[in-house]
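What follows is a short report on a single structure.
Protein chains in written order, with our numbering: chain R, 55 to 411; chain H, 6 to 277.
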């Protein structure tokens, strides 16, 4: 198939269709509204179901219902809407149902603003609803990667029977880039399973439930979930390392749009002879702690790590966990939809390098 | 095969109000901004209004500093409202719809029929004073890759704006992956759309690095040379670098890391 020019939000919608997801429940909010806008047109063509719910609370519960029926399904929103989905996400994770949730992050807190941000990192990676549950979180830094990670999100959510989130900042949703998609109709259907509801047809009764009155049963259920999250952490971390060819004195850590800005800045300072590399987590949960620690240990001398985010410092906690006190961690962050320019990042790196040399 | 050089786009003395409409993401804003600068460089007075009530990012208001520096009058919502995703239609717009000779008003309208609806409120002014309504077409966009799809979009725009499309702008591209062939495929489609709609193909918009390619240079249609102005944040338009927001951002204090101690069991075993 030839490449097309698409907005990130549209591309996410098409990626879902190509992944065999033809059931979408959502509610408009800037800067993700093009996801439902695209799907309302596109799902008609493929005989799918599009429901504009009355709120994000309704969307996520519709997703839970569809997922419980063994139907591949998705919802999308932006930060305040994702907050409203917290309860539903907890229920879906507790019931071990697969689904994909898109968060096109905007600036907060509160109603905040409509410009891009990365300040839902805590919310996404710490299981933003109640209880001991986790969500698989994937962070694209280009429109093509948003497509690829949406495909992966469906795969992982079904493999582990757990919600998977594609967590991007509004810039990824709003910008246009050339993309290509997996072939239409090539997705495998949801496999036969022993948990989804539907016509009983003589088989044993099934229940999708998150209520456990017996404390021992609920304890065992939590142990089972924890074992699953450990398995995900062991097998599913993904990251990109950039600019390590000839060694490096400073390691920049950033994800999503911010990582892309950092690459431009790193190219700029490397041309001046400064040796700087980038570590970009692609999975925010599970976080690639091991790979980041290895990248930190490969810094020459006692050079610092520079964590850069469009937030007041949220991934910073995970960067410090990876370092376990072994290295100096610096932070640079913006909020409100203010996006640092490559020049500002380059200036910050130059400042740090003065201390190194 | 002709060897004549394709001409830059021109407007007649009666074409004073030009509204750019078209499919979502077809490139109306990039064409509007570049057309405004092009006409200004040809010594016409130019004013541009950002009438995009659909898009939250990448609107022509982002290039307001650059355009103002070139003497283009830019009409955008005041103050912080410039960042809002609200359907703000300024009273100044009505005043732009009857420009005197020598002054051109460009209206950068939001995408699809939804974006074009804003024009219907100005219909009496536009019918009275005359208008050009140009449909921008990028054949590499979804729902825009066939004559039927482009005509369906045109019909939808007619219904919502209650105005007729009077010209086509070919703007087929694939960002930095654009090739001469891709542009020419788009020109073919745009010609077919223009023919079917019985309106002229007003111009072919081409990024400047491809505008001198042999088969582009010799196109019979006028060629608008584009410089990309709507840029993602990892690319900087240095000519527009003194944008109000960018300037403000440099004076905002950044968050600093505070030393903290962590004791935690992430990746460890469960203490159930």
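Every residue gets a Cβ at the ideal spot worked out from N, C-alpha and C, and that includes glycine.
Check each candidate in 133/R, 144/R, 374/R and name the one with the smallest Cα separation from residue 165/R.
Along the first chain, one-based indexing puts residue 165/R at 111. Answer by Cα proximity: 133/R.
Along chain R, which residues have their Cβ under 7 Å away from the Cβ of residue 158/H?
For the purposes of this step, residue 158/H is taken as residue 153 along the second chain, with counting starting at 1. Going along chain R, no residue has its Cβ under 7 Å from residue 158/H, so there is no contact; the nearest lies around 12 Å.
At what residue ranges does the segment 257-315 of chain R contain a whole run of the alpha helix (DSSP H), taking only runs of 4 or more?
The qualifying runs are 269-289.
Using a cut-off of 8 Å between C-beta atoms, extract the partners of residue 315/R located in chain H.
The sequence position of residue 315/R within the first chain is 261, counting from 1. Ordered by position in chain H, the residues that pass the 8 Å Cβ test against residue 315/R are 238, 239.
Whose C-beta lies closer than 8 Å to the C-beta of residue 57/R among residues of the same chain, with five residues either side of it excluded?
Taking the first chain and counting its residues from 1, the one referred to as residue 57/R is at position 3. Cβ within range, chain order: 232, 233, 234.
Using DSSP's beta-bridge definition, name the partner residues of residue 196/H.
Along the second chain, one-based indexing puts residue 196/H at 191. The partner list for residue 196/H (beta bridge, DSSP) is empty, contrary to what the question assumes.
Taking the beta strand (DSSP E) that residue 125/H falls in, what are its first and last residues?
The residue given as residue 125/H occupies position 120 in the second chain. Run containing residue 125/H: none; DSSP gives neither H nor E here.
Measuring straight from C-alpha to C-alpha, what distance separates residue 343/R and residue 209/R?
Locating residue 343/R in the first chain gives position 289, counting from the first residue. Locating residue 209/R in the first chain gives position 155, counting from the first residue. If I take the Cα positions, the gap works out to 23 Å.
Residue 156/H and residue 202/H look like a contact to me (Cβ under 8 Å); what is the Cβ gap, rounded to whole Å?
In the second chain, counting from the first residue as 1, residue 156/H sits at position 151. In the second chain, counting from the first residue as 1, residue 202/H sits at position 197. Right, their Cβ atoms sit about 7 Å apart.
What is the DSSP secondary structure of residue 148/H, counted as helix, strand or coil?
Indexing the second chain from 1 puts residue 148/H at position 143. Residue 148/H falls in the coil class under three-state DSSP.
Of all the CB atoms in chain R, is at least one closer than 8 Å to the CB of residue 30/H?
Walking along the second chain from the start, residue 30/H turns up at place 25. Interface residue, yes.
Using DSSP bridges, identify the partner residues of residue 50/H.
The count along the second chain starts at 1 and reaches residue 50/H at position 45. According to DSSP, which records beta bridges pairwise, residue 50/H is partnered with 108/H.
For residue 208/R, does the three-state DSSP call read helix, strand or coil?
By one-based count along the first chain, residue 208/R stands at place 154. Residue state, collapsed to three classes: helix.
Leaving out the 5 sequence neighbours to the left and right, which residues in its chain are closer than 8 Å to residue 123/R when beta-carbon positions are compared?
By 1-based counting over the first chain, the position of residue 123/R is 69. Correct list, in chain order: 250, 251, 252.
Strictly below 7 Å CB to CB, what residues from chain R border residue 90/H?
If you number the second chain from 1, residue 90/H lands on position 85. Here the neighbours are 84, 168.
For residue 126/H, which of 179/H, 198/H, 96/H has the nearest alpha-carbon?
Your numbering for residue 126/H matches position 121 in the second chain. Among 179/H, 198/H, 96/H, the Cα nearest to that of residue 126/H is on 96/H.
Can you determine whether any heavy atom of the ligand SAM sits closer than 7 Å to the C-beta of residue 299/R, and answer yes or no?
The model on display carries no ligand, and the ligand SAM is accordingly not part of it.
DSSP on residue 175/H, reduced to helix/strand/coil?
Mapped onto the second chain, residue 175/H falls at position 170. Three-state result, residue 175/H: strand.
Can you tell me which residues form a DSSP beta bridge with residue 129/R?
The residue you call residue 129/R lines up with position 75 of the first chain. According to DSSP, residue 129/R bridges with 155/R.
If we cut at 8 Å on Cβ distances, does residue 143/H have a partner in chain R?
The residue given as residue 143/H occupies position 138 in the second chain. Judged by the 8 Å Cβ criterion, residue 143/H is in contact with chain R.
Just how far apart, CA to CA, sit residue 69/R and residue 47/H?
The residue labelled residue 69/R in the question sits at position 15 within the first chain. The residue labelled residue 47/H in the question sits at position 42 within the second chain. About 45 Å.
Comparing alpha-carbon positions, which option in 179/H, 89/H, 174/H, 181/H lies nearest residue 193/H?
Within the second chain, numbered from 1, the residue matching residue 193/H stands at position 188. Residue 193/H has its Cα closest to that of 174/H, out of 179/H, 89/H, 174/H, 181/H.
Counting only Cβ-Cβ distances shorter than 8 Å, please list the residues of the segment 127-146 of chain R near chain H, keeping chain order.
Result list empty, no residue passes.
Are there 16 or more other CB atoms within 10 angstroms of the CB of residue 7/H, so buried, or fewer, so exposed?
Working through the second chain from its first residue, we reach residue 7/H at position 2. Its pLDDT being 47, under 50, residue 7/H is placed unreliably in this model, and the coordinates cannot settle the point.
Just tell me which of 175/R, 74/R, 83/R has its CA closest to the CA of residue 340/R.
Here the question's residue 340/R lines up with position 286 in the first chain. Nearest C-alpha to residue 340/R: 175/R.
Given a threshold of 16 other Cβ atoms within 10 Å of its Cβ, counted over all protein chains shown, does residue 402/R qualify as buried or as exposed?
Taking the first chain and counting its residues from 1, the one referred to as residue 402/R is at position 348. That one is buried.
Considering only residues of the same chain and omitting the five flanking positions on each side of residue 104/R, which have a CB-CB separation below 7 Å?
Taking the first chain and counting its residues from 1, the one referred to as residue 104/R is at position 50. So the qualifying residues of the chain are 78, 93, 94, 97.
Quick check on this structure: which residue in 29/H, 18/H, 11/H has the alpha carbon closest to the alpha carbon of residue 228/R?
Numbered from 1 along the first chain, position 174 holds the residue referred to as residue 228/R. Of 29/H, 18/H, 11/H, the residue nearest in Cα terms is 29/H.
Using a beta-carbon distance below 8 Å, is residue 179/H in contact with chain R?
Residue mapping note: residue 179/H aligns to position 174 of the second chain, counting from 1. Yes, because at least one Cβ of chain R sits closer than 8 Å to the Cβ of residue 179/H.
Rounded to whole angstroms, what's the CA-CA distance from residue 82/H to residue 76/R? Just pull it up for me.
Looking up residue 82/H in the second chain gives position 77. Looking up residue 76/R in the first chain gives position 22. The alpha-carbon atoms of residue 82/H and residue 76/R are separated by roughly 39 Å.
By the DSSP assignment, the alpha helix (DSSP H) with residue 70/H in it spans what residues?
For the purposes of this step, residue 70/H is identified with residue 65 of the second chain, where counting begins at 1. Looking at the DSSP string, the run of the alpha helix (DSSP H) that includes residue 70/H is 69-74.
Going straight from the alpha carbon of residue 252/H to that of residue 109/R, what length do you get?
Here residue 252/H refers to the residue found at position 247 when the second chain is read from its first residue. Here residue 109/R refers to the residue found at position 55 when the first chain is read from its first residue. In this prediction, residue 252/H has a pLDDT of 42, which is less than 50 and means its spatial position is unreliable; what the coordinates show is noted afterwards. If I take the Cα positions, the gap works out to 37 Å.
Interface residues of chain R around residue 148/H at Cβ under 8 Å?
As a working mapping, residue 148/H is identified with position 143 in the second chain. Within 8 Å Cβ-Cβ: 95.
Given residue 346/R, which residues of its chain have a CB within under 6 Å of its CB, disregarding the five upstream and five downstream residues?
Within the first chain, numbered from 1, the residue matching residue 346/R stands at position 292. The answer, listed in chain order, is 333, 376.
Near residue 216/H, which residues of its chain fall below 7 Å by C-beta distance, leaving aside the five closest residues on each side in sequence?
Taking the first residue of the second chain as position 1, residue 216/H is located at position 211. Hits under 7 Å: 228, 230.
With H, G and I counted as helix, E and B as strand and the rest as coil, what does DSSP make of residue 386/R?
Residue 386/R sits at position 332 when you count from the first residue of the first chain. Residue 386/R: strand per DSSP, three-state reduction.
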